[in-house]
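Residue numbers (the working numbering): 40 to 177.
Now the structure itself:
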């Protein structure tokens with residue numbers, strides 16, 4: 040197979056919950072992702088592998104996170120579900136802290152300093168963002 044770097048090989052397909060997709064369980068209790076067929080005459084249920092990523096997803100849902108859409112992406116011969124999660128948080132009105140955010144193409148860092156200048160929270164997220172962006176750009 041000849042690779043052309045100027046063309047996309049594939050694009051993830053987005054599904055909105057509940058209109059074009061949803062998460063459900065079979066009669067035996069196995070998790071599936073249900074998607075609308077592209078010709079509009081029904082739905083297709085795809086089984087979900089119950090690995091660590093699925094267990095984390097269930098923990099987030101039980102913790103109050105909401106899923107309103109997901110994307111279906113083919114990776115290494117398998118279909119992968121990429122889920123967008125949201126959660127509303129109560130924001131304290133009187134809080135003595137400073138939040139610092141550093142965003143660039145390769146990483147995302149967050150630091151929260153308290154009123155006494157002590158570090159309350161420090162996160163370094165997206166260590167693999169550059170790898171994923173580069174893979175998508177190919």
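Ideal placement from N, C-alpha and C gives every residue a C-beta, glycine not left out.
| How far does the beta strand (DSSP E) with residue 137 in it reach, from first residue to last? | The count along the chain shown starts at 1 and reaches residue 137 at position 98. Segment 136-142, the beta strand (DSSP E) holding residue 137.
| query | Rounded to a whole number of angstroms, what is the C-alpha to C-alpha distance between residue 84 and residue 109? | reply | Taking the first residue of the chain shown as position 1, residue 84 is located at position 45. Taking the first residue of the chain shown as position 1, residue 109 is located at position 70. Their backbone Cα atoms lie some 14 Å apart in a straight line.
| Given residue 77 as reference, the closest of 71, 100 and 53 once Cα atoms are compared | By one-based count along the chain shown, residue 77 stands at place 38. It is 53.
| field | Those runs of the beta strand (DSSP E) which lie wholly inside the stretch 50-127 and span at least 3 residues | value | Complete beta strand (DSSP E) runs here, min 3: 52-55, 60-64, 70-75, 82-86, 105-114 and 117-125.
| query | Buried or exposed: residue 121, going by 16 or more other Cβ atoms within 10 Å of its Cβ? | reply | Looking up residue 121 in the chain shown gives position 82. Classification of residue 121: exposed, given that the 10 Å Cβ count is below 16.
| field | Inter-residue spacing [alpha-carbon to alpha-carbon] between residue 148 and residue 162 | value | Counting from one through the chain shown, the residue named residue 148 turns up at place 109. Counting from one through the chain shown, the residue named residue 162 turns up at place 123. Rounded to whole angstroms, the gap between the alpha carbons of residue 148 and residue 162 is 6 Å.
| request: Could you have a look at residue 132 and say whether DSSP puts it in helix, strand or coil? | output: The residue labelled residue 132 in the question sits at position 93 within the chain shown. In the structure shown, residue 132 sits in coil (DSSP, three-state: anything other than H, G, I, E or B).
| message | If you follow the beta strand (DSSP E) that residue 153 is in, where does it begin and where does it stop? | response | Residue mapping note: residue 153 aligns to position 114 of the chain shown, counting from 1. 147-153 is the extent of the beta strand (DSSP E) around residue 153.
| Among residues of its own chain, excluding the 5 on either side of residue 118, which ones have a beta-carbon nearer than 8 Å to its beta-carbon? | Position 79 of the chain shown holds residue 118. The residues are 85, 111 and 112.
| query | Is it buried or exposed for residue 68, if we count other Cβ within 10 angstroms and need 16 for buried? | reply | For the purposes of this step, residue 68 is identified with residue 29 of the chain shown, where counting begins at 1. If you draw a 10 Å sphere on the C-beta of residue 68, you find fewer than 16 other C-beta atoms in it, and that means exposed.
| said: Rounded to whole angstroms, what is the Cα-Cα separation between residue 62 and residue 82? | reply: Position 23 of the chain shown, counted from the first residue, corresponds to residue 62. Position 43 of the chain shown, counted from the first residue, corresponds to residue 82. Residue 62 and residue 82: Cα-Cα distance of roughly 12 Å.
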